[in-house]
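Novice: A single structure is presented below for examination.
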Amino acid sequence: LKEFGIEESDREKLRYFIGPPLFHSFKHIYGVNDEESNWLVAKYRERYRVKGCQEAFVYENVPEMLKALKEKGKNIAIASSKPKQFVDEMSKNLGIFDFYDYVSAESFDKTHSSKEDLINNVLEHFKSPKKEECLMIGDRFYDIDGAKATGLDSAGALFGLGEKEELTNAGATYLLNSPFDLLDF
191 LKEFGIEESD REKLRYFIGP PLFHSFKHIY GVNDEESNWL VAKYRERYRV
241 KGCQEAFVYE NVPEMLKALK EKGKNIAIAS SKPKQFVDEM SKNLGIFDFY
291 DYVSAESFDK THSSKEDLIN NVLEHFKSPK KEECLMIGDR FYDIDGAKAT
341 GLDSAGALFG LGEKEELTNA GATYLLNSPF DLLDF
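At position 178 of the sequence shown the residue is numbered 368 (my numbering), and the sequence of numbers has no breaks.
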């Protein structure tokens, strides 16, 4: 933002960027055009490529929950607005990469897939499973919106960045207080 001439001190504006695609967030928050938004995304990814992947962390008990789901024979996928290379690198760094059966994520030449597109890509990969056997888990409104757009139930992760009000207002089917709550499904 500084390189674009924007000095931002409002943390709530910056918090909005966590979850939705950056392309849409820059347009929504700062009213930039497509070209400017693409430039901002490219600048962000320059830094992220060098530092961002190393700054990622996994929420407490998530690795144990993923392991338990795999032991139950569940298929696990990621639907992320981040570039796939970043998702893979972060997952490997955090020791959770091997729990995932599939990763649906952006590519570096595309900057604004919808969460609906990313989730549909997962569903296609698994040969269109019964939707009542699928659950989208996320910690931001954007995840819940994507689930609704694809006809899936959703679980709002209160142990993540999203808050109860945000996830409830978005229409989360369920709320999870802890990663282990997911094992009850």
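From the three backbone atoms N, C-alpha and C, an ideal C-beta is built for every residue, glycine too. Predicted model only: the values in this text are computed from it and were never measured.
Verify whether the separation of the beta carbon atoms of Ala295 and Leu284 is less than 9 Å.
Specialist: Working through the sequence shown from its first residue, we reach residue 295 at position 105. Working through the sequence shown from its first residue, we reach residue 284 at position 94. Not in contact: Ala295 and Leu284 (Cβ atoms no closer than 9 Å).
Novice: For Val231, does the three-state DSSP call read helix, strand or coil?
Specialist: Within the sequence shown, residue 231 is the residue found at index 41, counting from 1. Val231 falls in the helix class under three-state DSSP.
Novice: What does DSSP give as the partner residue(s) for Tyr292 in the beta ladder?
Specialist: The count along the sequence shown starts at 1 and reaches residue 292 at position 102. Paired residue(s): Ala267.
Novice: Okay, do the region 237 to 245 and the region 209 to 224 touch, 3+ Cβ pairs below 8 Å being the bar?
Specialist: Too few Cβ pairs lie closer than 8 Å, so no.
Novice: Just how far apart, CA to CA, sit Leu325 and Val312?
Specialist: Taking the first residue of the sequence shown as 1, we reach residue 325 at position 135. Taking the first residue of the sequence shown as 1, we reach residue 312 at position 122. Going from the Cα of Leu325 to the Cα of Val312 covers about 12 Å.
Novice: Spatial neighbours of Gly341 within its chain, please: CB distance less than 7 Å, with the 5 preceding and 5 following residues excluded, ordered by chain position.
Specialist: Within the sequence shown, residue 341 is the residue found at index 151, counting from 1. Excluding positions up to five away in sequence, the list reads Lys321.
Novice: In chain order, what residues of the same chain lie with their CB nearer than 7 Å to the CB of Phe194, ignoring the 5 residues before and after it?
Specialist: Counted from its first residue, the sequence shown places residue 194 at position 4. For Phe194, where only same-chain residues beyond five positions count, the Cβ hits under 7 Å are Leu230.
Novice: Would you list the one or two residues that DSSP bridges to Leu366?
Specialist: If you number the sequence shown from 1, residue 366 lands on position 176. Looking at the DSSP assignment, Leu366 forms a beta bridge with Ala347.
Novice: Expressed to the nearest angstrom, what Euclidean distance is found between the alpha-carbon atoms of Asn223 and Ile268?
Specialist: On the sequence shown, residue 223 is found 33 positions in, with the first residue counted as 1. On the sequence shown, residue 268 is found 78 positions in, with the first residue counted as 1. If I take the Cα positions, the gap works out to 29 Å.
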